[in-house]
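Asks: Okay, handing you the structure first.
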Amino acid sequence: MKYAVITFTHDGDKIARILALTLNIDLFSKKSDSDFNFKEVSKKVMENYKGIIFIGSTGIAVRAIAPYIKSKDIDPAVLVIDNSCNYVISLLSGHLGGANELTLEVSNILGAQPIITTATDNLGICAPDLIAKNNNLIIDDLKKAKQISSLLIEGKKIGFIDDKGIIQVPNGYTSNLNDICGILYISNRAVINMGLEIRLKPMLKLIRRNIVLGIGCRKNFSSKEMQQTVLNMLIESNIDSRAIKSITTVDVKKDEFAIRELVDYLKCNLDIFTINDIRTIQHKFCGSDFVEKTIGVRAVCEPCVELSGAKIIKNKMKLNGMTLCIGEV
24 MKYAVITFTH
34 DGDKIARILA
44 LTLNIDLFSK
54 KSDSDFNFKE
64 VSKKVMENYK
74 GIIFIGSTGI
84 AVRAIAPYIK
94 SKDIDPAVLV
104 IDNSCNYVIS
114 LLSGHLGGAN
124 ELTLEVSNIL
134 GAQPIITTAT
144 DNLGICAPDL
154 IAKNNNLIID
164 DLKKAKQISS
174 LLIEGKKIGF
184 IDDKGIIQVP
194 NGYTSNLNDI
204 CGILYISNRA
214 VINMGLEIRL
224 KPMLKLIRRN
234 IVLGIGCRKN
244 FSSKEMQQTV
254 LNMLIESNID
264 SRAIKSITTV
274 DVKKDEFAIR
284 ELVDYLKCNL
294 DIFTINDIRT
304 IQHKFCGSDF
314 VEKTIGVRAV
324 CEPCVELSGA
334 KIIKNKMKLN
344 GMTLCIGEV
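Here it is, written out as structure tokens:
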């Protein structure tokens, strides 16, 4: 990652040069840049960098970033280093943006004291947004994440469920759901069925992106029809649409507009396999003479899901001109 470093003094430039020995930085220096415009620089770095380091006062940094702060899930990490290099302060986006981690790294480089004010970190508790970041999960509701964090800070008992049993119970949580005040649930499911007593508690879902969709379709298939068909099948299968990791298909369909549009809509990856790839495993699946005559292989959606490394959880469905197979990594 490349970081933006903003300095205002010669001492600040010296600190920046030390950082440049270890970090990949772009330096914006008031002393060195003759055309330095603080307002323009502030806008540029907030919109184009994932990590920003101010060397100066926290007041200057706060005024610089204030107009461009949007949401904790998209704001960049912002740090402040005082001009004497005594402190490194995590100012914005400590968890999701990685400012707390960067603060520790920079303080170690400079031999300065890290200042992290996030309450859960100081209590040794793993906040929901940090669990999400560390495990590549999607936060279902930022307001609920804040609510669960507040309960943790108050010392309340928060239940923890990972329906795949992959993530160990983090600090501050419990797998015992008796007498809990809230619950953190990790799943790819759209609807989570819990007992009434638990459903009345604050519950935050973190969504695991581990679903693969294998798709085949006739030429020039309707983009709108494909999207609606896939969404309907996800609802029927109780799968959250945000859990889609990738869509996979054969190379002759890689430029199919409907598939490309669906990839963009679901914000997922597109994995392409060749005819030769599919031929090596197509014997495992029920194929079609028509498909083989048309594109050279007997099946598309199921072989592509298997080739992607996913386990098929819903076999090929023939859906009015398209086929769909659902797999889980």
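Per the numbering used here, the very first residue in the sequence shown carries number 24; after that it's consecutive.
We put the beta carbon where it would ideally sit given N, CA and C, even for glycine.
If you count every other CB in all the chains shown that lies within 10 Å of the CB of A155, and 16 or more means buried, which is it?
Replies: Burial call: buried.
Asks: Between Y196 and the rest of its own chain, which residues show a CB-CB distance below 6 Å, the 5 nearest in sequence each way excluded?
Replies: So the list reads I181 and F183, once near-sequence residues are dropped.
Asks: Out of L160, S311 and L236, state which residue places its alpha-carbon closest to the alpha-carbon of D359.
Replies: An answer regarding residue 359 cannot be provided, because it is not within the stretch 24 to 352 covered by the chain.
Asks: In whole angstroms, what is the alpha-carbon distance linking S130 and S172?
Replies: Those two C-alpha atoms are separated by around 26 Å.
Asks: Would S331 be called buried (16 or more neighbouring beta carbons within 10 Å of its own) or exposed?
Replies: Its Cβ being crowded by 16 or more others within 10 Å, S331 is buried.
Asks: Sorted by chain position, which residues of the same chain lie with C-beta nearer than 6 Å to C240's C-beta, five sequence neighbours on each side aside?
Replies: Closer than 6 Å at the Cβ level, and outside the excluded window around C240, lie M345.
Asks: Please state the DSSP three-state secondary structure of Q305.
Replies: The answer is helix: DSSP assigns Q305 an H, G or I state.
Asks: What's the C-alpha gap between Q136 and S52?
Replies: Near 24 Å, if we compare the C-alpha coordinates of S52 and Q136.
Asks: Please classify E329 as buried or exposed, where buried requires at least 16 neighbouring CB atoms within 10 angstroms.
Replies: The residue is buried, with at least 16 neighbouring Cβ atoms inside 10 Å.
Asks: If the criterion is Cβ atoms closer than 8 Å, does the pair G74 and P90 meet it?
Replies: No.
Asks: Between I203 and the rest of its own chain, which residues show a CB-CB distance below 6 Å, the 5 nearest in sequence each way excluded?
Replies: For I203, where only same-chain residues beyond five positions count, the Cβ hits under 6 Å are K180 and G182.
Asks: Which two residues bound the contiguous alpha helix (DSSP H) that contains G35?
Replies: Run containing G35: H33 to A43, per the alpha helix (DSSP H) assignment.
Asks: Measure the alpha-carbon distance for K25 versus H118 and round it to whole angstroms.
Replies: Cα to Cα, the separation comes out at about 18 Å.
Asks: What's the C-alpha gap between T141 and V314?
Replies: Roughly 57 Å separates the two Cα atoms.
Asks: Quick check: what's the CA-CA separation for L114 versus G188?
Replies: Computed Cα separation, rounded: 34 Å.
Asks: Considering Cα atoms alone, identify which of K37, L46, L347 and A27 is closest to A84.
Replies: Looking at the Cα atoms, A27 is the closest of the given residues.
Asks: Once DSSP output is grouped into helix, strand and coil, what is the label at V68?
Replies: Reduced to three states, the DSSP call for V68 is helix.
Asks: Determine whether the beta carbon atoms of T252 and C327 lie at a separation below 8 Å.
Replies: Cβ distance not < 8 Å, so T252 and C327 don't count as in contact.
Asks: Determine contact between the region 206-219 and the region 295-314, defined as no fewer than three beta-carbon pairs at a distance below 8 Å.
Replies: As far as the Cβ criterion goes, the region 206-219 does not touch the region 295-314, which means the pair count is below three.
Asks: Is the distance from the Cβ of V352 to the Cβ of N233 below 8 Å?
Replies: Yes, the pair counts as a contact, with Cβ atoms nearer than the cut-off.
Asks: Which value, in whole angstroms, describes the spacing of the CA atoms of K224 and S94?
Replies: Near 25 Å, if we compare the C-alpha coordinates of S94 and K224.
Asks: I need the straight-line Cα distance from A322 to N157, nearest angstrom please.
Replies: Taking the straight line from one Cα to the other gives about 37 Å.
Asks: DSSP on K187, reduced to helix/strand/coil?
Replies: K187 falls in the coil class under three-state DSSP.
Asks: Using the three-state DSSP reduction, which class does T141 fall into: helix, strand or coil?
Replies: DSSP places T141 in coil when its eight states are reduced to three.
Asks: Compare the C-alpha of K316 against each of I304, I298 and K247 and name the closest.
Replies: Nearest option by C-alpha distance: I298.
Asks: From D144 to I161, what does the alpha carbon distance come to, in whole angstroms?
Replies: Approximately 20 Å, taken between the alpha carbons.
Asks: Following the continuous alpha helix (DSSP H) through C327, name the residue where it begins and the one where it ends.
Replies: It spans C324 to L330 - the alpha helix (DSSP H) in which C327 sits, taken as one unbroken run.
Asks: Measuring straight from C-alpha to C-alpha, what distance separates I41 and L133?
Replies: For I41 and L133, the distance between alpha carbons rounds to 8 Å.
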